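Engineer: Take this structure first; my questions come after.
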Amino acid sequence: MPTKSLSLKSTQLIFQLHHPTPIFSSTIHNSQFTMPIPHHLIFLSLLLLLSSCPEPAFSAHCTTTTSTKSFHKCTSLPTQQASLAWTFHPRNATLDLAFFGSFISPSGWVGWGINPTSAEMTGTRALIAFPDPNSGQIVLLPFVLDPTVKLQKAPLLSQPIDDIHLLSSSATLYGGKLATVHNGAQIQIYVTLKLTPNKTRIHFVWNRGLYVQGYSPTIHPTTENDLSSIATIDVLSGSAASQHGNIGTLKTAHGIINAIAWGILLPGGAVIARYLRHVQALGPSWFYAHAGIQLSAFFLGTVGFGIGIRLGELSPGVVYGLHRKLGFTAFCLGALQTLALLFRPRTTNKFRKYWKSYHHFVGYACVVIGVVNVFQGFEAMGLGRSYEKLSYCLCLSTLIGACIALEVNSWVIFCRKSKEDKMRREGLIGGSEKESGTYRLN
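Residue 1 is where the sequence shown starts when you use this note's numbering, and the numbers rise one by one after that.
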């Protein structure tokens with residue numbers, strides 16, 4: 001199969017840049033009324049723990065033998081049914097390597113590259129193979145994915161790779177000269193390069209797309225697997241870094257902790273403050289319950305927030321814009337609410353009403369943003385249509401249903417009390433009835 005040299009003149013290419021994710025990536029009622037506790041909380045936690053771990057991506061079985069070369073070692077890559085085979089020569093620090101990938105469209109492309117500095121797409125020196133729009137033969141062109149590529153405002157031009165000592169490169173379809181590009185067609189990219197002495201740990205990046213417009217491949221799909229096509233491998237020992245698995249574990253922990261903290265405990269604490277503080281039989285117990293739940297939610301949410309920051313560090317260049325902004329906003333509002341306890345005026349203080357208004361506004365804003373961001377998190381993790389999201393919706397619906405019932409109850413009691421007060425003023429009824437201990441909140 002004919003191939004093109006890397007010294008070909010520059011042609012335009014738009015190489016996919018990562019989607020923002022891992023890399024390429026109070027109650028009114030009488031004193032006998034009880035507050036229902038969301039009974040799905042334990043169920044939600046168990047279900048998330050059991051089923052929210054991402055399914056492992058299918059990987060192709062690696063091979064050390066091709067029709068033209070044999071290699072010493074091979075490994076199956078974690079996504080896209082791709083694999084690598086290589087032979088490392090320690091004496092002269094050269095690496096013979098073959099990348100095995102597959103097309104997902106007859107007019108698609110397959111890319112593979114090395115990032116000399118970090119495990120991310122930005123900065124990758126890539127080789128992209130696709131059918132020549134004129135001849136239909138496979139061409140292999142080099143590209144440097146600098147930070148400006150992520151903006152996608154201008155096409156990326158093919159250019160020689162200077163900072164990696166590339167000795168040779170070629171690409172061929174599995175099946176020989178008579179093979180054609182089709183959905184599932186396998187391609188082999190052969191590379192020989194000279195490594196920096198004593199530096200055998202390499203960041204490999206790969207991906208594939210559906211279409212090529214001229215010499216410009218379109219962006220690749222943005223599923224979680226497609227955004228996680230990266231592996232760090234020591235070509236001397238053959239060991240692979242476990243970053244991919246660590247990110248998956250951290251994402252699961254981040255999702256579970258934040259769903260419980262910001263999505264359940266925080267709204268639950270607000271419900272207690274709104275609907276239980278006027279129940280005289282409870283005394284100050286409602287306040288301790290409210291403060292305890294809110295503080296627990298905030299500190300638990302802080303742990304989840306910290307895990308999110310760590311995920312960002314492990315995935316440089318991958319940002320979920322809206323999810324990140326909502327997370328920082330919710331955390332800041334939660335911190336303000338926690339600090340407000342230190343400056344809570346006495347009930348006789350003239351500034352008490354201002355503090356109360358501030359506390360209510362910030363609190364409700366934090367609850368709303370927290371819940372919205374939980375749903376954003378489900379989308380970011382690819383769980384938009386999942387049992388985990390359904391379980392959370394059931395839990396949240398229970399809490400909302402309790403709020404509606406308590407709100408209706410408060411209005412019934414408020415209207416009844418107002419009617420009795422009016423009749424008493426008009427002399428239609430006499431005496432004073434024993435206060436029920438509840439009344440409508442303003």
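Where is the CB? At the ideal position from N, CA and C, for every residue including glycine. Predicted model, so just to flag it, every value in this text is computed and none were measured.
May I have the straight-line CA-CA distance separating residue 446 from residue 332, to the nearest angstrom?
Structural biologist: It is not possible to answer for residue 446, since the shown part of the chain is limited to 1 through 442.
Engineer: Is residue 103 buried or exposed, if buried means 16 or more other CB atoms sit within 10 Å of its CB?
Structural biologist: On the sequence shown, residue 103 is found 103 positions in, with the first residue counted as 1. With 16 or more other Cβ atoms within 10 Å, it is buried.
Engineer: Taking the continuous beta strand (DSSP E) assigned at residue 131, which residues delimit it?
Structural biologist: In the sequence shown, residue 131 corresponds to position 131, counting from 1. Note, residue 131: beta strand (DSSP E), 125–131.
Engineer: Mapping the DSSP letters down to three states, classify residue 190 as helix, strand or coil.
Structural biologist: The sequence position of residue 190 within the sequence shown is 190, counting from 1. Of the three classes helix, strand and coil, the one that applies to residue 190 here is strand, per DSSP.
Engineer: How long is the line joining the alpha carbons of residue 24 and residue 311, rounded to whole angstroms?
Structural biologist: The sequence position of residue 24 within the sequence shown is 24, counting from 1. The sequence position of residue 311 within the sequence shown is 311, counting from 1. Here residue 24 scores only 37 on pLDDT, less than 50, and its place in the model is too uncertain to base an answer on.
Engineer: Assuming residue 142 and residue 161 make a contact with CB atoms under 8 angstroms, what is their CB distance in whole Å?
Structural biologist: Here residue 142 refers to the residue found at position 142 when the sequence shown is read from its first residue. Here residue 161 refers to the residue found at position 161 when the sequence shown is read from its first residue. With a Cβ gap of about 5 angstroms, residue 142 and residue 161 count as contacting.
Engineer: Return the first residue and the last residue of the beta strand (DSSP E) that residue 206 is part of.
Structural biologist: Here the question's residue 206 lines up with position 206 in the sequence shown. Counting along the chain, the beta strand (DSSP E) containing residue 206 begins and ends at 201–209.
Engineer: Quick check: the Cα distance between residue 423 and residue 276, rounded to an integer number of angstroms?
Structural biologist: Counting from one through the sequence shown, the residue named residue 423 turns up at place 423. Counting from one through the sequence shown, the residue named residue 276 turns up at place 276. One C-alpha to the other measures close to 28 angstroms.
Engineer: Contact check, residue 97 vs residue 77 under 8 angstroms by CB: the rounded distance?
Structural biologist: On the sequence shown, residue 97 is found 97 positions in, with the first residue counted as 1. On the sequence shown, residue 77 is found 77 positions in, with the first residue counted as 1. In fact, because the Cβ distance is near 13 angstroms, the residues do not count as touching under 8 angstroms.
Engineer: How far does the beta strand (DSSP E) with residue 144 in it reach, from first residue to last?
Structural biologist: Locating residue 144 in the sequence shown gives position 144, where the first residue counts as 1. Looking at the DSSP string, the run of the beta strand (DSSP E) that includes residue 144 is 138–144.
Engineer: Is DSSP giving residue 103 helix, strand or coil here?
Structural biologist: Taking the sequence shown and counting its residues from 1, one reaches residue 103 at position 103. DSSP places residue 103 in coil when its eight states are reduced to three.
Engineer: Looking at residue 338 and residue 298, is the spacing between their C-beta atoms short of 7 angstroms?
Structural biologist: The residue you call residue 298 lines up with position 298 of the sequence shown. The residue you call residue 338 lines up with position 338 of the sequence shown. In this structure, residue 338 lies closer than 7 angstroms to residue 298 by Cβ.
Engineer: Does the beta-carbon distance from residue 99 to residue 189 come in below 7 angstroms?
Structural biologist: Counted from its first residue, the sequence shown places residue 99 at position 99. Counted from its first residue, the sequence shown places residue 189 at position 189. For residue 99 and residue 189, yes; Cβs fall inside 7 angstroms.
Engineer: Of the choices 285, 268, 412 and 336, whose alpha-carbon is the least far from that of residue 401?
Structural biologist: If you number the sequence shown from 1, residue 401 lands on position 401. It is 268 whose Cα lies nearest to the Cα of residue 401.
Engineer: Just how far apart, CA to CA, sit residue 293 and residue 363?
Structural biologist: Working through the sequence shown from its first residue, we reach residue 293 at position 293. Working through the sequence shown from its first residue, we reach residue 363 at position 363. The straight-line gap from Cα to Cα measures roughly 13 angstroms.
Engineer: When the Cβ atoms of the region 320–330 are set against those of the region 366–380, are three or more pairs found closer than 8 angstroms?
Structural biologist: Result yes; three or more Cβ-Cβ pairs closer than 8 angstroms.
Engineer: Just verifying my parser: in three-state terms, what is the DSSP assignment at residue 257?
Structural biologist: Here residue 257 is taken as the residue at index 257 of the sequence shown, counted from 1. Helix, per DSSP.
Engineer: Give the DSSP bridge partners of residue 88, in chain order.
Structural biologist: By one-based count along the sequence shown, residue 88 stands at place 88. DSSP, once it has assigned bridges, lists 95 as partnering residue 88.
Engineer: In chain order, what residues of the same chain lie with their CB nearer than 8 angstroms to the CB of residue 64, ignoring the 5 residues before and after it?
Structural biologist: Working through the sequence shown from its first residue, we reach residue 64 at position 64. Within the same chain, residue 64 has close Cβ partners 70, 71, 72, 73, 74 and 85.
Engineer: My understanding is that residue 372 touches residue 258, with C-beta atoms under 8 angstroms, so please give their C-beta distance in whole angstroms.
Structural biologist: The count along the sequence shown starts at 1 and reaches residue 372 at position 372. The count along the sequence shown starts at 1 and reaches residue 258 at position 258. Not quite, the Cβ-Cβ distance comes to about 12 angstroms (not below 8 angstroms), so this is no contact.
Engineer: Nearest CA to the CA of residue 106: which residue from 208, 61, 350 and 204?
Structural biologist: Numbered from its first residue, the sequence shown carries residue 106 at position 106. Closest option to residue 106, Cα to Cα, is 208.
Engineer: By Cβ distance, which residues of its chain are closer than 8 angstroms to residue 146, with the 5 residues on each side in sequence left out?
Structural biologist: In the sequence shown, counting from the first residue as 1, residue 146 sits at position 146. So the list reads 122 and 123, once near-sequence residues are dropped.
Engineer: Whole angstroms is fine: what's the gap from residue 134's alpha carbon to residue 213's?
Structural biologist: Position 134 of the sequence shown holds residue 134. Position 213 of the sequence shown holds residue 213. Taking the straight line joining both Cα atoms gives about 12 angstroms.
Engineer: Go ahead and pull the three-state DSSP assignment for residue 65.
Structural biologist: Position 65 of the sequence shown, counted from the start, is the residue given in the question as residue 65. Three-state DSSP puts residue 65 in a strand.
Engineer: For residue 403 and residue 263, what's the separation of their Cα atoms in angstroms?
Structural biologist: For the purposes of this step, residue 403 is taken as the residue at position 403 of the sequence shown. For the purposes of this step, residue 263 is taken as the residue at position 263 of the sequence shown. Near 15 angstroms, if we compare the C-alpha coordinates of residue 263 and residue 403.
Engineer: Just to confirm before moving on: does the CB-CB distance between residue 270 and residue 367 stay below 7 angstroms?
Structural biologist: Along the sequence shown, read from residue 1 onward, the residue named residue 270 stands at position 270. Along the sequence shown, read from residue 1 onward, the residue named residue 367 stands at position 367. A contact, by the Cβ cut-off of 7 angstroms.
Engineer: Going by DSSP in three states, residue 237 sits in which element: helix, strand or coil?
Structural biologist: Sequence index remark: in the sequence shown, residue 237 carries index 237 (1-based). Three-state result, residue 237: coil.
Engineer: Tell whether a beta-carbon distance below 7 angstroms holds between residue 247 and residue 314.
Structural biologist: Position 247 of the sequence shown, counted from the start, is the residue given in the question as residue 247. Position 314 of the sequence shown, counted from the start, is the residue given in the question as residue 314. Against a cut-off of 7 angstroms, the Cβ pair of residue 314 and residue 247 comes out as a contact.
Engineer: According to DSSP, simplified to helix, strand and coil, what is residue 291?
Structural biologist: The residue you call residue 291 lines up with position 291 of the sequence shown. Three-state DSSP puts residue 291 in a helix.
Engineer: Pull up the distance between the alpha-carbon of residue 79 and that of residue 357, whole angstroms please.
Structural biologist: Translated into the one-based positions of the sequence shown, residue 79 becomes position 79. Translated into the one-based positions of the sequence shown, residue 357 becomes position 357. C-alpha separation (whole angstroms): 52 angstroms.
Engineer: Classify residue 274 as buried or exposed, calling it buried when 16 or more other Cβ atoms lie within 10 Å of its own Cβ.
Structural biologist: Locating residue 274 in the sequence shown gives position 274, where the first residue counts as 1. Buried.
Engineer: Evaluate residue 351 with the Cβ neighbour count: other Cβ atoms within 10 Å of its Cβ, from every protein chain shown; 16 or more gives buried, anything less gives exposed.
Structural biologist: As a first step, residue 351 is located in the sequence shown; it is residue number 351 there, counting from the start. Exposed.
Engineer: Once the 5 residues before and after residue 45 are set aside, which same chain residues still bring their CB inside 6 angstroms of it?
Structural biologist: Start at 1 with the first residue of the sequence shown, and residue 45 comes out as number 45. Note that residue 45 scores 45 on pLDDT, short of 50, meaning its location in the model is unreliable; the coordinates nonetheless yield the value given after this. Closer than 6 angstroms at Cβ, skipping near neighbours: no residue.
Engineer: Alpha carbon to alpha carbon, how far is residue 111 from residue 291? Give it in angstroms, no decimals.
Structural biologist: Start at 1 with the first residue of the sequence shown, and residue 291 comes out as number 291. Start at 1 with the first residue of the sequence shown, and residue 111 comes out as number 111. Answer to the nearest angstrom: the Cα atoms are 54 angstroms apart.
Engineer: When burial is assigned at 16 or more other CB atoms within 10 Å of the CB, is residue 67 buried or exposed?
Structural biologist: Counting from 1 along the sequence shown, the entry for residue 67 is found at position 67. Under this definition residue 67 is an exposed residue.
Engineer: What's the call for residue 182, buried or exposed, on a 16-neighbour Cβ count within 10 Å?
Structural biologist: Indexing the sequence shown from 1 puts residue 182 at position 182. Looking at its Cβ environment, which holds fewer than 16 other Cβ atoms inside 10 Å, residue 182 is exposed.
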